[in-house]
Structure formats: structure tokens, C-alpha cells
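Following full-length UniProt numbering, the numbering of the sequence shown begins with 1 at its first residue and continues without gaps. Glycine included, every Cβ here is placed at the ideal spot set by N, Cα and C. If you're wondering where the values come from, they're calculated on a predicted model, not measured in any experiment. Written out below as C-alpha cells is the structure these notes cover.
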Amino acid sequence: MVAASCTFRSDDIVIKSPNDRRLYRVIELKNGLNALLVHDPEIYPEGPPGDSEILQNNDREEAEVEEEEYSGDSDEEEDDEEEGEEESEDDSEVKSKGKGKGTSTQAKKAAAAMCVGMGSFSDPVEAQGLAHFLEHMLFMGSTKFPDENEYDSYLSKHGGSSNAYTEAEHTCYHFEVKAEFLKGALARFSQFFISPLVKCEALEREVLAVDSEFNQVLQNDACRLQQLQCHTSTPAHLFNRFFWGNKKSLVDAMEKGINLRELILKLYRDYYHGGLMKLVVIGGEHLDVLESWVIELFEDIRKGSQVKPEFKAECPIWKVGKLYRLKAVKDVHILDLTWTLPCLRQDYLKKSEDYLAHLIGHEASGSLLYFLKSKGWVTSLSAGVGDEGMHRSSIAYIFAMSIHLTDSGLEKIFDIIGFIYQYFKLLRQVPPQEWIFKELQDIGNMEFRFAEEQPQDDYAAELAENLLVYPAEHVIYGDYVYKVWDEEMLKYLLGLFAPENMRADLVSSSIKLQGFEIEPWFGSCYTEEDIFPSLIELWRDPPEIDVSLHLPSKNEFIPSDFSIRADSAYIEHATLSSPRCILDEPLMKLWYKLDRTFKHPRANTYFRINLRSAYDNLKSCLLAELFVKLLKDELNETIYQASVAKLETSLSIFSDKLEIKVYGFNDKLPVLLSKVLEIIKSFVPTEDRFKVIKEEMERSLKNTNMKPLNHSTYMRLQILCESFFDVDEKLCFLNDLTLAELKAFIPDLRSQLYIEGICHGNLLENEAIDISNIFKRNFCVQPLPIQMRHEERVLCLPSGANLVRDITVKNKLETNSVVELYFQIEPEMGMESTKLKAWLDLFDEIVEEPLFNQLRTKEQLGYVVQCSPRITYRILGFCFCVQSSKYSPVYLLGRVENFINGLEELLETLDDESFESYRGGLMAKLLEKDPSLQDETNRFWNQIIDKRYMFDSSMREAEELKSIQKIDVINWYKMYFKHSSVKCRRLAVRVWGCNADSKEAEMQTNSPHIVKDVATFKLSSKFYPSLC
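This is the structure in C-alpha cells:
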């Protein structure tokens, strides 16, 4: 009967890696829906549930539908950080909860994704952003599950989460959940695509959510540039749209008499049918069981044609010979160049655009970046066809170059473009090189063969998207395959890199605009100017090619040895689940673990080097940061070549610690590490690079805290951390630093060191010892005594503290305000620390969804409504955070406090079954198997840098959870969150947006202690002893 419900079924069509143990089945339902079913044997290592258990689960799900009070979901997508956004000053602060990973009885989650072949290109002109709005509305209840937060509540109770996003030609919805609750989640998920309610009252509220989401990116330079490119495209072209949608674009439609609900339902009827849907389900059950579930739950989706919406470009996207100058929000200079290529989806086996991106975006000697950096004009360059919908659509592929300029480079943009066209001429003169294609082919096949697992929901979403663009057999392999060498195709594409086919945008904060125009949605100021015809003529056929420009040499880092060390003879200690210390000397401490889980030819080597006097004062802090930035600049060519071969290097500085990470395919790892350490040992900066890197660092400091959410966290950490150098003070001091001072500082910096690290993966113990010897050979120095190593102390908030710190947004046009309310709990030390952390994480598990449902879905305070545990240098805490462009910080704080005050009732009325679900969901997260070797290494590394060395901490916490009862959580809440408790110690940071009146704070009737001067407040405060 199951087979009769499908029009197609195959278990052997999907090409997968020989190391992939998952089983794949492709089916097509009678309604046209294509589904990829994935059996993951690691979800239930001892075998999936038997038929009787499945039947019991089905019965339980039916009972839940009938009996439980509906309670539900909302769209919980989160926009990515803008590229280049600053990192937290406090690298030791982490969210406590999540995939902590245990070391026994580990479990993997189940997941699913649905990709619908319709996106923002299908927006009606009269209601732009409608496809995105429709995505939001599907979360707001269905006929079978009418409560708005039913879906999200179900996932939250069972250790899951969800997300969704709208692209130009598709919309993707995905979730993950504790494996045994997959069918219940699918039951709720399937109703999105069968009978969503799209209620009028929800529609009116969710318009505000879409508007809040838009306000999140309103001051984002990358988004402003994208919208400028849309706004200035040919009026008849599909790019000439406003894809985000906001209150104006949607409410204006209603005010013009358009029935928005009918318009949404029409869009849904036209495109949300089986013919345009691609479903992926990943579970531990046998494929036959997964298939039966998909048929049962998704066969009621309407039948429809599998012919995709067809979009044609009847005209060019942009005008020819134009330069657009866009006023930037941040202190940046970016030259963005684009060329329009035909859609190349059908030519994915050739990957010609990736071949060209490899050469144009190369960073080694002979490349454009290397050459332009030598002139002091450019700091970074990236090139290629982006993955997002506008850049990779059925209309066209948009090949983009994004070039970050120095101040002097800003004055040389036409010269820079001229050299770019010289490089294009070189590529046309030198025939396409098949050896380069074969290098890329080898790397692609290597990646495919040893592909690392990713989180289940991400994998489901990736596969669902791929089903839209690749034939089923290549749903996995399509991203990696370089199969067809087509020299003529490359020559044809190179012909399109002509000035007549180029769009140029300059994004800079230094632009002085006269007679500017305003882009209507973002309010960006820009000008449009003609490029001199003589320049276009010069670029069309440059008279010469600079001798410094040439093709890259062969890559020495491509691995050839893929042998697996764990497959060798018996190895002592090989079965240990945790790293062990194999070296403990005054200069160096080294942890080691052979990988016997993933069995890939990869290794991760992480080290932290305490540097002498690197964090003694503001000057030494800045000099150390300059040193590391100049090091990265010096190492760039070597690091880049290795990264192409999937061997990565990361250099960072945290207080007095230089962190070096070298990770990836292990064959050439020691060679790369040796090169890196040799340069660290002997490097002396030059005047020209010092000037460029200092300018880049100054720009970075100016851009710090431009986002209100980052600003609030920064300010909280500035108050809490004893040693915290203010960004404005850094900026003032940086200006006077000289190269002579840095050169005098470096020998002292390297004179005494202490190194701690881990070698984990496909390395034998003697190979790890060899790596430690590389350090010893390069650093024949005195060990840095423990008393000379920096250890951070965290401020101890006084009993009953009710502190408030008010600050205004750094960007004077930023409309968003933020409230971040922090509760300090206890230090993470002693016998009770695991229990405290278990209470903290369980509290978060219970309150996260009700907070979102109340403050975002119902009250519509803003797009960002979140809470999370915080561990700041091992001091436990908890944060509530809301960002809003509509309400003042005083109002936001009041609504958060009102929610917190109501938590006692929420906890007391929580039924036993729900409590058990939350507890079980958290245990599943804690015991979830690490998806990849790097995830496991990161888990170990966090224990090392925080000096816990408790590598099984998640398993211990999961064990502790077994004995925690609901009354324990209630009492814990009363102790740390109720105003009347002396252990309730809170710090609120209020960031005031440009539209909020800070005088409102002066009219408050309650009386928190206002922290007006941070330095003075810290001088009179007590601090916890340092723990790491």
C-alpha cells in the first residue's frame, strides 16, 4: 500500500560518500511532492524503535492533539551578523546551554526541511515583501493545530528548534527535534503546507514582526548596497523590487484597498503545492517507516504542476558605464564590482564560474590582491558568484568582487579597476589551465569523500535546497563535483568580464555627496555618475599587463596521505573518551586524543601562548594587537594557499594569550604549523605594512558597537570585567603609537612564554609530540611564571543589586533601542557547580519559548526577543534581551520585568508531563553526539581554556538533571530572580535609540542605582577570585 501511494521510489539513486553510513531514499507522492528520506543509524545506535513502540508514539501524539491546550509557534529566523562585525571583547563568555555533548549514551537529533520553489521574485508589485510575509504567517497556526505557538512550543518541549528564510526563488522551512518526537513535529510541520489559518488578527501583528526584522538591517551597509542595486536596476527588471518587505510596503497595500489576506492566500494557492515542494526527513527509523509517515502526513498537500515559475530578463539589469557612490554607515571603503553572467545551473558539472573565482579571488603571489596590497591600496578582496538568491538565480548569475580599500586606495579606484582588467586580459591571453581545474577537482572530491557532518537541520535544509537545483542523484555530490573540463565555456565567460557589462559601486563613509538622491526604502544617500568613455575604452583592452601579475603556482598543501591512524595496530589509551595530558612542563602543557569516532584524515591543533607583558596596560594591549594583525598580514599568502587545500589557520589574541589554531586535513599540517611558527619567531614589521594595518585597526575600533545589541553586551562586560580597555580610549591611544615602539616591544613580548594546547584527531601520540617539538625548536625562551600570566576577575554584584547603565546608540541614525537585563548567579566552582548549571539550563529551556511568545508574538515589542545563560570567566549568569525600534528602553525593561515576575505562576502551573518534556529535551541536547571532529575539539578546548578540564561535564550535567524536580526550579527562581531575595542581583544595560527620549529615565518612580561612571563604580566594588 505504501509503494502504491508513490509514483517514484529509489534507494540507490543518490551518490554519497563511501564514508557516509546514512541510507537515502527518493520518493515522489501522487501530489507531485518530491521527498528525500534519510535513515541515520547513529540516531538509534542499538536499532530504531520496534513497531509496538511506534504505535504507542502514534497513540500518544493523537492524545496530545485531542487533550492538550493548544500553545504554539512563530517564525524564529535570525539574521546573520554583518560581515566584519566585531567579536565580543570577552572570549570567555559563552552561552551555557546547547549542544554540550556527552561522552556516553550520546544521541543525535532528527530533522526535516521543506523547500518551496517560490520566493521574492513572485511578489506582486503592489505588495512587495509578500513572499517573506507569507513565510511568517505559516507559523501562526493551522486548522489542525490552531494555536499560534503550537509548533514552536512542541519543539521547545522536546529539545528542538526551527527556522525559515525566503530567497529570490525559494522559501525554506526547517526544524530539528529529539529523535523520538519526530513524527509529532512532522504532524505539526506538515500542516503549514495543508491548511494554515492566516488569521486576520495574526496578520496585523505579524506585519509588525516583518517590520521589526527590516529595522534590524536598516543600518547594515551590505543590505543598503543590495537594495541600492535593486532600486537602480532597470524598472522593468525583476531585480527592481523591495524583497524584505516592511510595514510601509504591506500596510500601504491595505490602505490602497488591497485585501492583503486574499493576496497572501492567492500566493499560497498558486505556489504552495506538491509540484513545487521538496521535502527532506532525517530520522533514525527505517526508511519504510519514514516513508509511511511522509505519505500519511503530507499526501493531503494539494497536487500541482512540477513546472517551476519561469522568469525572463527582457532587458539588461543595470545601466552601462555608471559608478554609484553610496554613503556608508560604518567607517568603511568598499569597491563593489559586478558582472552579469547567464544562469549556469545546468552547467554545475563544469563549475566554470568557480574556476574563475578561484583565480580572480586568489591571494598568493601574482594575484590581484597580492599586487594591490603591495601598493598599499587594498586590505582584502573576495570574488565569485554568491549563494544567495539574487546572485544565483534562473535569470542570471552575478559575479561580484568586493574590495576593501585603504584611505589611499579610495583615491585610486579607477587605477584599481584598470589593474583588474589587466588581470582579465592575462586570463584571456593565457589559455585556461586544466591543471588548475584538476586541483579544484581533487579538492572537491577530497571534501566529498571525507565530508564532515553538520547539524541535522542545516543538512536537511541544504539537501532540500539542492533538490531544487540538482537531479536527485547529485543532491549531495552536486556541490563538490568538478567533472567536465570546458575550455570554450571559460573563454566565453571571460569575454563577459568587459567594462560594458560591469556595474561599479563605491561604499564609503568618506563620500561627500552633492546633489545626492535617496533610496526610498533604506533612506540611503547615493549619487549616480558616468564613467569617462576614455576609461572604458582603456579597460576594454589594456595596453599592457603588469609583470607582477601572473597565475598561481601549484598548491603544496593539497594532501596525498589519507590513511587513518585509528585503523593501525593496538594503541594504548586509544579507547579513552577524553583527552589526556601527555606533556606538562614549565614551558608547555599538551593534551592529546586520537580520534576513533569520525575516522577522517583530519586533525585539529589548538594552542594558546601566554605572552609576556601583553596585557599589562592599554599601550601593551594595543601593541600586542597590532603585532598579531601584522603577523596575520605577513602570513596571509601561506595561510590562504593552505585554506584552499582545506587546511585552515586562525590567529587571534585574547588578553595576553595568542591563540593559534591549525586544523583540517592532517597530511601537511606539521609543514604549515612550522611555517607559521617560524614567522612568529622572527617576524619584524615594515613601515608600509604598519601604516596600513594601523589604519585598518583604527577603522575597526571606530566600527565597534555600531550595532545596539553588540553595544549592550559590550557595556555589560565592561562593567563586569576588571581588566577591560575602553574602545574609545584605545582609539585615542592608537593614534600616537609608532613602528619604533612596536619593534622595541616585540622582543619583550616573545621573551617569556607559556603554551597550552591540544592535538586531537588523526594523529598518533608520537606525531603530537613532534608537533610540540616544533614549538620548542622555535621558542627557546624562558617559561612565563603563572604569577605573570593574566587572569581575569569578574565583579561581584552586591546583595540585592538593582543596577542600570544608560548609553546612547553610537550610530546617530540607529532607531533601535536595546535592553539587556543580566542576573548574576554564582561562581562555577565546587561540588555544587554542576547542579547550579543544570538549574540554569533547565530554567532557560522552560522560559525561552514563553518569553518569545509573549513579548514578540503577542506584544510585538521587536524582532529580537531572547534569553540565555551566560558564563563570564566561569561566573554563572542569565540574560534577557529585547531590541525594538518602536519602544523606549524604560518601557522594554518594564515589559521584561513583568514577564519575569509572572514566571513563578508559569512554573507552578507547569504540569508534570511538560516538565518532563523540558527536562528530557535538555538532556537530549546535552548528550547529543558531536556532529564533527571540530565540534568535539571545540568542546574539549573550552574546558581547557576555562581551566575546568572536566571533559565529561555535559554528561555529568545530564546525570544531575535526573534528580531535579519542578520545585527545585521554582525555589531556584525565587532565590535568584525575585526582587525580595538578597541573592537577586541584576544589572540592566539600556541602549537608547535615536528616536527614544532618554529624559524618560529621569521620570521613573522606582529607584535603581544608576551607574554613571563605570571606572568609579568598579573601584568601589568587590571581585570574585580569578577562575581562569
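Three or more beta-carbon pairs drawn from the region 11–30 and the region 450–462 are found closer than 8 Å, and the two stretches are therefore classed as touching.
Within the DSSP secondary-structure output, Val819 pairs in a beta bridge with Val882, Arg990.
The continuous stretches of beta strand (DSSP E) do not include Cys315, and DSSP gives it neither H nor E. With a threshold of 16 other beta carbon atoms within 10 Å, Cys732 falls short and is exposed.
Per DSSP, Glu904 is one residue of the alpha helix (DSSP H) stretching across 903–908. Counting every other CB atom within 10 Å of its CB across the protein chains shown gives His1009 a total below 16, marking it as exposed.
Nearest C-alpha to Glu434 among Ser393, His132, Lys491: Lys491.
The beta-bridge partner set that DSSP reports for His333 consists of Ser508. Distance between Tyr459 and Pro931, taken at the CA atoms: about 11 Å. Burial state of Thr909 is exposed, judged by a 10 Å Cβ sphere holding fewer than 16 other Cβ atoms. Looking at the backbone, the Cα of Glu473 and that of Ile13 are separated by about 5 Å. Beta-bridge partners assigned by DSSP to Cys6: Leu29. DSSP, reduced to helix, strand and coil, places Thr738 outside both helices and strands of the structure shown, so it counts as coil.
Every alpha helix (DSSP H) of 4 residues or more that sits fully in the region 252–323 is shown, in chain order, as 260–271, 287–298. Going by DSSP, Arg392 is part of no alpha helix (DSSP H) at all; its letter is neither H nor E. The way I'd put it, the region 788–798 doesn't touch the region 617–636; fewer than three beta-carbon pairs between them come closer than 8 Å. By the neighbour-count definition (other C-beta atoms within 10 Å, threshold 16), Lys373 is a buried residue. Judged by beta-carbon spacing, Leu876 lies within the 8 Å limit of Leu836, meaning their Cβ atoms are closer than that value.
CA-CA distance, Ala112 to Val280, rounds to 5 Å. Taking a contact to require three or more Cβ pairs closer than 8 Å, the region 553–561 and the region 577–590 do not qualify as touching. The beta carbon of Glu135 sits closer than 6 Å to those of Ala164, Thr166, Thr171, all from its chain and outside the five residues before and after it, given in chain order.
Shown here, Ile964 sits in coil according to DSSP, grouped into three states, outside any helix or strand. The region 280–295 makes contact with the region 24–38; the number of CB pairs closer than 8 Å reaches 3 or more.
Around Leu906, the same chain offers Pro850 as residues with beta carbons nearer than 7 Å, after the five sequence neighbours per side are excluded.
The alpha-carbon separation between Tyr151 and Gln191 amounts to approximately 10 Å.
Excluding sequence positions up to five before and after Tyr663, its CB lies within less than 6 Å of the CB of Asn604, Glu648, all in the same chain and listed in chain order.
Of the candidates Phe1017, Gly160, Lys425, Tyr1024, the residue whose Cα lies closest to the Cα of Met829 is Tyr1024. Across the structure, Val804 and Ile719 are spaced so that their CA atoms are roughly 11 Å apart.
At least 8 Å separates the beta-carbon of Glu447 from that of Lys675. Cβ-Cβ separation between Leu36 and Leu467: approximately 6 Å, consistent with a contact (criterion under 8 Å). Under the DSSP definition of a beta bridge, Trp591 partners with Cys581, Ile758.
In the DSSP secondary-structure assignment, Phe654 is bridged to Lys657.
Residue nearest to Lys109 within the set Ala924, Ser914, Asn705, Gly129 is Ala924 (criterion: CA-CA distance). For Val804, the uninterrupted beta strand (DSSP E) run begins and ends at 802–808, by DSSP. In the DSSP assignment, Phe607 falls outside any alpha helix (DSSP H) and lies within the beta strand (DSSP E) extending over 602–611. In this structure, DSSP gives Gln346 a helical state, which the three-state scheme calls helix.
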